[in-house]
Amino acid sequence: MLYFYYYYYYYYYYYYYYYYYYYYYYYYYYYYYYYYFYYYYYYYDYYYYYYYYNYNYYYYYYYYYYYYYYYYYYYYYYYYYYYYYYYYYYYYYYYYYYYYY
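With the UniProt record's numbering, the residue at position 67 of the sequence shown is 67, and numbering never jumps.
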């Protein structure tokens with residue numbers, strides 16, 4: 001029985017530990033997602049200005065979209081990475097719970 005309580009509180013702790021990190025990186029992702037789109041519209045107006053006054057507009061336009069998809073992939077990667085670990089320890093905790101119960 002003590003063995004059961006040990007695993008119960010042990011994975012109960014890890015469940016909330018990764019549950020906390022899941023929501024931490026969840027809002028961390030949406031913070032940069034909002035922060036990025038703020039600069040998206042800012043630089044969009046900036047490069048729209050270059051469309052009329054600079055012949056290198058298409059170069060800047062390509063340069064901008066390159067970093068757009070780079071950061072888009074980067075924060076989605078971290079979001080699903082910690083989302084996976086959250087569910088991993090979640091089911092790992094319930095496995096030991098029902099096994100030793």
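Even glycine gets a Cβ: it sits at the ideal position worked out from N, Cα and C.
query = Can you tell which of Y84, F37, Y38, Y13 has its C-alpha closest to the C-alpha of F25?
reply = Contrary to the premise, residue 25 reads as Tyr rather than Phe in this sequence. When only C-alpha atoms are compared, the closest one is Y84.
inquiry  = Tell me which residues share the same chain as Y13 and place their Cβ nearer than 7 Å to its Cβ, disregarding the 5 neighbours each side in the sequence.
reply    = none
ask   = Going by alpha carbons, who is nearest to Y77 out of Y95, Y29, Y34, Y35?
value = Y29
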